[in-house]
Each structure stands twice: as structure tokens, then as C-alpha cells.
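Notes to accompany the following structure.
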Amino acid sequence: MSLESVPPKYAQLVTELQRRIEAGQYPPGSTMPSEHQLIDEFGVSRPTVVAALRVLRDQGWIDSQQGKGRFVRGRPALASLESARAGQVRLAGSEAAVSGEVLQAGVVETPNRIGSLLGLAVPGRAFLRQRLLTLDDAPSELLSLWVPLELAEGTDLTSAAPLKQGVRQHLEARKGVGFDHVIEHIVARMPTAKEAEALSMRADIPVLVVYATARDASGRPLLVVDSVMPADMHELEDAYPLA
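Note that full-length UniProt numbering has the sequence shown beginning at 1, numbered continuously upward.
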């Protein structure tokens, strides 16, 4: 069985290994197949296997013991409660799957916080793709995608039409970059006048703002997703294990 042609490769491998653990093919306490065995069976590269095993370890499906190998723990107790983070959803999801319109797409001067997250000089300039998302025909979220100029060049981010791919998949295909992790900051504040107008909300209602900075394996910032949401319409939930 080869997963090499199905992107992203490591995510497909994670799904298959989770399926085998849940089905009892890899029972709790058993030794996981070695990296070489997984490479040979699935026809993928070593980095793909290493990434998949790291995800399984971080999520609690397996344990790693130095000099002994990797052992199956089983399905994590919180697996059914875990949900994708806000930044993860915005990077992976197709724009066409979410109702909304593109408000602007072009080069702008970055606010200080965005410039700092992107590692730009102050004042800095970046490409901004901003969309107003709707729920039941009412404004629900102001979503801004901030991309360094060199990464935005030669992409479809300037289009007024919804992207059929997720932003991550689009930039990986067009620019050859590799997304490794996301750092999120959540802020509660009062909306600006422009935000209140765009979201058709009262200026005395706070907003929740999620700043999600996507980085490559070296830590270089690739883009920032900035989500502004009326606090009376949204609730943020997370689930995590206790050590």
C-alpha cells in the first residue's frame, strides 16, 4: 500500500496507524513497526515516517523509549474531544467551504504586532488577504491572512475568488515551503471602528482575536492568520491531558 502520492503524506500515515491501533492490529503494549518497516510498507520517505510517529507520540497514541523503540499506548482518552486549533483550520480549509467575501487583497503596511510576528522591520509591508466570513447570512468573523511579499508573489492570493485549496497546500505547492508548526496568541479587546462596521456589531462589545503564526522547521515565520470574532458570538474550547 503506497501513500506517497496522497498529500500530506505524514497525515495520511498518521490516520492509517491510528486505524490499526484502534482495530487491535497494534495492541496496547506491543512494539510499533520500525521506521525501516514503515518506509518499506508504505513507500514513503524517512522524514514522512518520523513526522507521523512524532504526531502519534505527541497525541499520546505511542510512547518512545530510548534504546528500546516505540510502544503502543492505545487510543488516548481525549482523542474524541480533541479538535483542530483555529489557526490549523484556517490554514487547511478551502475558502470555498466557508461562506464569505474577499474584502481586500494587496500589499499594505503591517500593524506593529503583525510586523513583529512576521519578523519584519518597522514599518514593514506584507501582502494582506482579508475576508469577511458569514454565518446564516450574518457577519461572523473578519479573517486576515498576512504573507511576506516574497511568498505571496506568483500565487492565487490576489484573486477575488475563493481558493479551492487550503492556504497551506497552495503555498507548499506554489512556493515549495514546508509548514512545521503554529504558535497561537489569543487576545480580548474592544473592536476598532472598521472592525465593528465590517462585523455589523456594537462598538461596546469586545472581540476575540486569534493570531496564528505558521512557521517552518527552522522557526522562520511563513504567514500570520489574524481572526477577529465578536465575543458574544464565539466560544473557544480546548482539551488537553494532565501529565
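In this text, a Cβ means the ideal position worked out from N, Cα and C, and glycines have one as well. Keep in mind that this is a model prediction, so the values were computed, not measured.
query	result
Beta-carbon proximity list for Val-14, same chain, < 8 Å, skipping 5 on both sides	Ala-52, Val-55 and Leu-56
Pairwise C-alpha distance: Val-147 and Asn-112	15 Å
Gly-178 versus Thr-192 - alpha carbon distance	34 Å
Beta carbon of Pro-230 nearer than 9 Å to that of Val-207	yes
Nearest-angstrom Cα separation, counted from Ala-196 out to Ser-116	25 Å
At least 3 beta-carbon pairs within less than 8 Å: the segment 60 to 74 vs the segment 170 to 188	no
Straight-line Cα distance separating Glu-101 from Ser-200	15 Å
Contained beta strand (DSSP E) runs [length at least 3] in the UniProt domain "HTH gntR-type" (7 to 75), N- to C-terminal order	62 to 65 and 69 to 72
Val-98 (DSSP reduced to helix, strand or coil)	coil
Residues near Ala-243 in its chain [Cβ-Cβ closer than 7 Å; skip 5 each side]	In this prediction, Ala-243 scores a pLDDT of 49, lower than 50, which makes its location untrustworthy; no coordinate-derived value is stated.
Glu-235 in three-state terms, based on DSSP	coil
Supposed close pair Thr-110, Leu-120 - CB separation, criterion 8 Å	6 Å
Whether Leu-133 touches Ser-144 by CB criterion (9 Å)	no
Nearest-angstrom Cβ-Cβ length linking Arg-90 and Val-225, presumed shorter than 8 Å	5 Å
Three-state secondary structure (DSSP) of Ile-205	coil
Closest residue to Leu-142 among Ser-227, Pro-27, Glu-150 and Gln-18 (Cα-Cα distance)	Ser-227
Cut-off 7 Å between Cβ atoms - residues of its own chain near His-170, not counting five sequence neighbours on either side	Thr-155, Asp-156 and Leu-163
Buried/exposed call for Glu-22, threshold 16 Cβ in 10 Å	exposed
Endpoints, beta strand (DSSP E) assigned at Gln-165	Per DSSP, Gln-165 belongs to no beta strand (DSSP E) and is neither H nor E.
CA-to-CA distance, Thr-158 to Glu-235, given in whole angstroms	31 Å
DSSP-derived helix/strand/coil call for Val-224	strand
Per-residue burial, Val-107 [other beta carbons within 10 Å of its own, 16 or more giving buried]	exposed
Closest by C-alpha distance to Arg-125, when choosing among Glu-150, Leu-135 and Asp-137	Glu-150
Distance CB(Leu-128)-CB(Ser-99) smaller than 9 Å	no
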